[in-house]
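Working notes, structure below.
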Amino acid sequence: MTASPSFVRHGPPVPSSPLVLAVPHAGRDYPAPLQSAIRVPLAALKGLEDRCADALALEAWRDETLFIAHRARAWIDLNRGEQERDPKLEDGAGLLGVPLSAKLRSGLGLVPRRVGNSGDIWSRRLSSAEVLARIDEDHRPYHEALAGALSDARTRHGVAVLVDIHSMPPLASIGEPARLVIGDRFGKSAGTRFVKRIEDAARALGVSIASNTPYAGGHTLERHGAPHNGIHAVQLEFDRSFYLDAALDRPGPNFAAAVRLLRTILDGLLDEAAPGALAAE
């Protein structure tokens, strides 16, 4: 295991598996400068966390390379691009000339501006120097380490598969809501055969699924997914009510079932990434 101030890497120095796992939104490290600059109670920022998604990943993990972010998403969102900076929050962000995405307009940019029903997070505007420091200290090292692990995995195994692990609020649905949403940026970030393996694993366990709606994958998949270069990237969004307690705060009675689901998915992806799997189709 190796660690930086913002994330921990589990697994051997050279990936022993073609799978690389990542959990970017479960961090609970709220730095002192954040705590002194917010207008909402610290507990309100839990609404931005993928609560206990790190515990889910660690329980399912064997020997794959696994990255777990420690910095809270409220500090910096590792699943947003460096240019997704909010002019309503940050001095100088409006000078970048970057079109505002729907997420950014809603206050969920590189540094989130809003949280759920609590409204605006910050009691003051942030300077560009503050945001750039977070990029240099947290965002870039995480993505550089992730890119390095994926490159090493592809070199060693001929293919690499990034599994980006998230959680979502329960989805409203007339019928049975999806317990798992699989994102591959509508086919851009991963080969169809890997997505099918995930679908097959979930259906075999009786878990309802959806694809790309409402979550198709964000910056991580866009940046690292390159199927034409042998690097595939998928996002998994687990319904929090599936694996957490009624308060959506701690592992609940179905936590073991969610761990089994994730491990079954990983085993299916490993099988698909094995040498000769594509040729055998």
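Oh and the sequence shown: position 185 is 207 in this note's numbering, straight run, nothing missing. Just so you know, even glycine gets a beta-carbon here, dropped at the ideal spot from N, CA and C.
Sequence-distant partners of D108 (beyond 5 residues in either direction) whose C-beta falls short of 8 Å from its own C-beta, in its chain, are A115, L126, G129, G131, L132, V133 and R135.
For the pair W97 and D51, the Cα-to-Cα distance works out to about 9 Å. The C-alpha of A194 is placed about 19 Å away from the C-alpha of R73. Cα atoms of S39 and A223: separation of roughly 19 Å, rounded to the nearest angstrom. Annotated three-state conformation of R245 is helix, per DSSP.
Between L243 and A82, the alpha-carbon positions lie close to 21 Å from each other.
The criterion of a C-beta distance shorter than 9 Å is satisfied by L70 and H47.
For E106, the three-state secondary structure derived from DSSP is coil.
A distance below 8 Å between beta-carbons, with the five flanking residues on each side excluded, links L168 to the following residues of its chain, in chain order: V42, A44, F89, L184, T242 and H246. For D113, the three-state secondary structure derived from DSSP is coil. For I253, the enclosing beta strand (DSSP E) starts and ends at I253 to D261. Counting along the chain, the unbroken alpha helix (DSSP H) around L291 starts and ends at F277 to A295.
Between H179 and A255 a beta carbon distance of about 15 Å is seen, past the 8 Å cut, so the two are scored as non-contacting. Here P236 carries a coil assignment [DSSP, helix/strand/coil]. In this structure the segment 252-270 touches the segment 203-217; the number of beta carbon pairs closer than 8 Å is three or more.
The closest CA to that of I143, considering only S150, K68, E159 and L172, is found on K68. Counting other Cβ atoms within 10 Å of its Cβ, T286 reaches 16 or more and is therefore classed as buried. In this structure M190 is buried. Its beta-carbon is surrounded by 16 or more other beta-carbon atoms within 10 angstroms.
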